[in-house]
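In this note's numbering, the protein residues as written are 86 to 1185.
Even glycine gets a Cβ: it sits at the ideal position worked out from N, Cα and C.
In this text, all values refer to a predicted model and were calculated from it rather than measured experimentally.
Reviewing the structure listed below.
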Amino acid sequence: MSMNNSSSVFLDAAPNHPNRFQVNVINESHESSAAADSNHDPPHYEETSFVDDTHNRLRISFRPGNQELYDNFLQNGESTKTDASFHVYDSHTNTYYLQTFGHNTMDAVPKIDYYRNTGSISGAKMNRPTLYEIHEQLAKNVAVTPGSVDRVANGDGMPGEEQSENKEEDPNAGTVKFGWVKGVLVRCMLNIWGVMLFIRLSWIVGEAGIGLGVIIICLAVTVTAITGLSTSAIATNGFVRGGGAYYLISRSLGPEFGGSIGLIFAFANAVAVAMYVVGFAETVVDLLAESNSMMVDKTNDIRIIGSITVVILLGISVAGMEWEAKAQVILLVILLIAIANFFIGTVIPSNHEKRSRGFFNYQASIFAENFGPSFTEGEGFFSVFAIFFPAATGILAGANISGDLEDPQDAIPRGTMLAILITTIAYIGVAICVGACVVRDATGNVNDTIISGMNCNGSAACGLGYDFSRCLNQKCSYGLMNNFQVMSMVSGFGPLITAGIFSATLSSALASLVSAPKVFQALCKDNIYKALQFFAKGYGKNNEPLRGYILTFIIAMAFILIAELNTIAPIISNFFLASYALINFSCFHASYAKSPGWRPAYGIYNMWVSLFGAILCCAVMFVINWWAAVITYVIEFFLYVYVTYKKPDVNWGSSTQALSYVSALDNALELTTVEDHVKNFRPQCIVLTGGPMTRPALLDITHAFTKNSGLCICCEVYVGPRKECVKEMNSSMAKKQAWLLKNKIKAFYAAVAADSFRDGVRSLLQASGLGRMKPNTMVIGFKKNWRKAPPAEIENYVGIIHDAFDFEIGVVIVRISQGFDISQVLQVQDELEKLEQERLALEATIKDNESEEGSKGIRGLFKKAGKLNITKQIPKKDSGVNTIQSMHVGEFNQRLVEASTQFKKKQGKGTIDIWWLFDDGGLTLLIPYILTLRKKWKDCKLRIYVGGKINRIEEEKIAMASLLSKFRIKFADIHIIGDINIKPNKESWKFFEEMIEPYRLHESCKDLTTAEKLKRETPWKITDSELEAFKEKSYRQVRLNELLQEHSRAANLIVLSLPVARKATVSDILYMAWLEILTKNLPPVLLVRGNHKNVLTFYS
86 MSMNNSSSVF LDAAPNHPNR FQVNVINESH ESSAAADSNH DPPHYEETSF VDDTHNRLRI
146 SFRPGNQELY DNFLQNGEST KTDASFHVYD SHTNTYYLQT FGHNTMDAVP KIDYYRNTGS
206 ISGAKMNRPT LYEIHEQLAK NVAVTPGSVD RVANGDGMPG EEQSENKEED PNAGTVKFGW
266 VKGVLVRCML NIWGVMLFIR LSWIVGEAGI GLGVIIICLA VTVTAITGLS TSAIATNGFV
326 RGGGAYYLIS RSLGPEFGGS IGLIFAFANA VAVAMYVVGF AETVVDLLAE SNSMMVDKTN
386 DIRIIGSITV VILLGISVAG MEWEAKAQVI LLVILLIAIA NFFIGTVIPS NHEKRSRGFF
446 NYQASIFAEN FGPSFTEGEG FFSVFAIFFP AATGILAGAN ISGDLEDPQD AIPRGTMLAI
506 LITTIAYIGV AICVGACVVR DATGNVNDTI ISGMNCNGSA ACGLGYDFSR CLNQKCSYGL
566 MNNFQVMSMV SGFGPLITAG IFSATLSSAL ASLVSAPKVF QALCKDNIYK ALQFFAKGYG
626 KNNEPLRGYI LTFIIAMAFI LIAELNTIAP IISNFFLASY ALINFSCFHA SYAKSPGWRP
686 AYGIYNMWVS LFGAILCCAV MFVINWWAAV ITYVIEFFLY VYVTYKKPDV NWGSSTQALS
746 YVSALDNALE LTTVEDHVKN FRPQCIVLTG GPMTRPALLD ITHAFTKNSG LCICCEVYVG
806 PRKECVKEMN SSMAKKQAWL LKNKIKAFYA AVAADSFRDG VRSLLQASGL GRMKPNTMVI
866 GFKKNWRKAP PAEIENYVGI IHDAFDFEIG VVIVRISQGF DISQVLQVQD ELEKLEQERL
926 ALEATIKDNE SEEGSKGIRG LFKKAGKLNI TKQIPKKDSG VNTIQSMHVG EFNQRLVEAS
986 TQFKKKQGKG TIDIWWLFDD GGLTLLIPYI LTLRKKWKDC KLRIYVGGKI NRIEEEKIAM
1046 ASLLSKFRIK FADIHIIGDI NIKPNKESWK FFEEMIEPYR LHESCKDLTT AEKLKRETPW
1106 KITDSELEAF KEKSYRQVRL NELLQEHSRA ANLIVLSLPV ARKATVSDIL YMAWLEILTK
1166 NLPPVLLVRG NHKNVLTFYS
């Protein structure tokens, strides 16, 4: 088959180039059949080609001979020469078709914009065509606006949508974003290389020796490296916004863990600013003391210099991230020069002064002597490790500004892990070099040389011509153990080491000053702590947290002025370690939950290694300072409980949710392997409430005996055209489940669409539940309006009772005097709420226009009122209210509302009367017993009524008491009713007869032909033969009502055995009459019938 690709076929004869995907939309218009027959050409189909066209144009082809239709198409004034304008016309349906991959479809191709969150800062969220739009019939005469086909054909939206996103400016335009080097690597290296490198590492080597010193470094790096791997895994499992450690933990473990650790992590960073600034100020004060230039005294000078320094750092931070990044780069250059200066100094030949202070260049004897430990009194491996470990922290400096990174998913893993590697090499290199060059003790006296004939103590210094033996008896001032300025002495140029100390302290302070507000802002934006919402606001294109900067500055200044950092420092270190522990645990938890959403791009991690890292972090917390660790755990636990109690309205798809699902699934599956046992029976109810808010009383009484003990499913059946029902059902599912949660009702909501109410209930009875968690009891409200309802409705109602019994499901029918359905009240409330909203809107509009004068003000008022649709809506609403008022339903509605809340109230002292007339397995007894365990019903006593023989009342009472005691059910009294089967009084029976009279067939009074005809036309009516056959049962129901009126009129609740109507024998109308007369003019009644399987046992 050949295809005509000449320029005469295509409207846009663009040159063909490789490397571009292009869709050609074909016009499927009719040609004359004669022409088609004579040409015998094969049909033309859409072509897909790959051409390079900078204008990104789509090409349209049409069949020869179809020019007339196309000319008509062009009469709309649309130009085919422009790149953004073309239309496709289908003569069969007059529909413009949008083509994606060669098919007439509105299906969208995969695109990242469909998967963005609403309000995403990295791009606008777009909506793909809904399933409804591509599944239903295509609407007629869909107009394709100029420029829209290009967008829709590539899956960008629906036809007719305006590409407003192209007109808006990029929200990220002008913002400063950093790459992995400047954003992560530089910051992490500066934070990890702290003051410890220059003034403490030599002492650590002197105490622990080179061997244990390297082990201490490696152990600390193990903790940080595992944390770095976990951080990398979490950071690459989806888009990372600002918030650093808080964001990673909260999105993995949920707001409870994230909210608790986020607050203390932000506080730790704020206090760390003070620590680093004080470290810088102490160094400056020492220099001033050497030159006799003190301002006041040492303490106050530290406060003065520290305050000035933190103000300058605040100015750099507030100036913007770009200035702060430049300052960090400069500080890193100084720090690298200082480190290089040290290594250069180790190979510069030592002079007499440096030798007297213990520096002899690289010597094998010194290396051998310093390789093993030499702990002084009070020091040990763990104490030395506790001093060094803070030097290895700072690995989250890059992650903390995740919102300012160009690509956090790439930058955080690469920058963090490389920074850990480089700094570890530097720490180990410095430790080995300083341990191989400097002895542990030295006097600093150039005259302590060995003279020929003197005895040598065998130390490395003795072998190199110096006698430092007096350091064994008295404290010396030089050497690894005594001099914190060893690196300055060893370096080629001492002042560069001082510059390095300045650089290390200032860079760490600057990083913490930036990190604290960023993390705090992210925490406040999530609104976990509502009182902190004030600090969520950002300023400028970079959304700078200026309020957070001020708060951090105040906290830092406070601790600088207090100058008691030695006490707070261990707590701060433990705060950081707690963050590391939770990051590791987050990685483990997400992996363990096996959520399909856990797909980190960074694959170099292991869930068990992450768990080991979390345990290691917790252990290190106690090694550093046990009481600080306890304080950290107490604070974190308090915040966790607070956030859990407040239940923030967020859903981040945390691994906690995933693990809860896995646990529930595993437990449900495990439960299926366990056989049901009567001791573990609990009512698991399917409640036919419709919408749960429309019959609250029915739901409340059911919830009273299922809460915390059994399953409760609120069910609704949508009857009507399937298309409309399914649409309405899908749109309301989440709303109604949310209503249950809001009202703290522990129940599920389920709905089905069906052709009839009975079909829907039948489906629910069969398919509801999961495994062993399936309903065993159906709860329905009594059909109060059955005498006005069509026969089909009554048939459906009674039919679902028969269906429940067929499926061996117990039935509970609840009746209250006012009925359950309050949908009319809810409708009135909605109408009044809308009226009130419109009234407030109108008042606001009038208030806005009060300042306007003359006709301009009047016109503005009507203009705004028109926008609010007030002028159109108010008459309609007013008429609705008048109609409602004219119905005089106010008093009735009030009684209905009160009745709907009666089971929410505490019942007070009273009785629950149980008329256990027929043994159904014990459900009639179990439900009221469970009710008495609830707070609202605990003051109610159980009274038991059973049928018996008049001449055996005492014996049967003793037998029932014995049975109840074996069941361990407490009761207040037992009544044996011996006169159930006597005839009711005439008035009661007359009332029953009058009630059923409209539904009787009276076939015995008619001839046979007429009677048969009536039976065929009204099969639902009660025949004379049926009424006579069940006359004794009818007597019993009427008599029972008399007894209930006599004995239980004052009860809080009556639980009564439900009579069972035999299928195809008792008519639906007669059965409803029995239920009506049985429960008439009584307190709330529960008609209960179990499935005749034991639900009570007296065996252990």
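Looking only at DSSP bridge pairs, what is residue i linked to?
| i | result |
| --- | --- |
| F661 | In the DSSP output, where bridge partners are listed per residue, F661 has none listed. |
| T534 | Y551 |
| K1026 | T996 |
| V1140 | I999, L1171 |
| I798 | I771, F833 |
| T862 | C770, G895 |
| Y67 | Residue coverage of the chain in this structure runs from 86 to 1185, which leaves residue 67 outside it and unanswerable. |
| G1032 | I1062 |
| V839 | Per the sequence presented here, residue 839 reads as Ala, with Val not at that position. Paired residue(s): V804. |
| E629 | Y624 |
Just checking: is the beta-carbon of residue i within a distance shorter than 8 Å of some beta-carbon in chain B?
| i | result |
| --- | --- |
| A686 | Note that chain B does not occur in the displayed structure, where there is just one protein chain. |
Does DSSP put residue i in a helix, a strand or coil?
| i | result |
| --- | --- |
| V370 | helix |
| M1157 | helix |
| G895 | strand |
| A1135 | coil |
| D1005 | coil |
| L286 | helix |
| H1060 | strand |
| A874 | coil |
| L1086 | coil |
| E760 | coil |
| Y614 | coil |
| L636 | helix |
| I415 | helix |
| L855 | strand |
| A1107 | Residue identity differs from the one stated: residue 1107 is Ile in this sequence, not Ala. I1107 falls in the strand class under three-state DSSP. |
| G673 | The sequence given here has Phe at residue 673, not Gly. Helix, per DSSP. |
| F445 | coil |
| R684 | coil |
| R980 | helix |
| F790 | helix |
| F605 | helix |
| F263 | strand |
| R900 | strand |
| H1177 | coil |
| M642 | helix |
Excluding the 5 residues flanking residue i on each side, which residues of the same chain have their C-beta closer than 8 Å to its C-beta?
| i | result |
| --- | --- |
| L338 | L667, F670, S671, H674, S739, S740, T741 |
Output needed for residue i: all residues of its chain with C-beta closer than 6 Å, excluding positions within five of it in sequence on either side, in chain order.
| i | result |
| --- | --- |
| G488 | R326, G327 |
| A743 | A678, S680 |
| Q1122 | W1159, I1162, L1163 |
| K615 | none |
Excluding the 5 residues preceding and the 5 following residue i in the sequence, name in chain order all residues of the same chain whose CB lies nearer than 7 Å to its CB.
| i | result |
| --- | --- |
| A686 | T321, Q494 |
| H437 | V531 |
| I422 | L581 |
| E893 | N1176 |
Ordered list of beta strand (DSSP E) runs contained in the region 325-367, each at least 3 residues: none
At least three beta-carbon pairs within less than 8 Å, the region 260-277 to the region 491-509: yes
Within the region 447-507, ranges of the alpha helix (DSSP H) (whole runs, at least 4 residues): 449-456, 466-473
Three or more C-beta pairs below 8 Å linking the region 545-562 and the region 579-591: no
The region 305-319 touching the region 692-699, judged by at least three CB pairs closer than 8 Å: yes
Inter-stretch contact at 8 Å, needing at least 3 Cβ pairs: the region 514-530 / the region 430-446: yes
At least three beta-carbon pairs within less than 8 Å, the region 806-815 to the region 855-871: no
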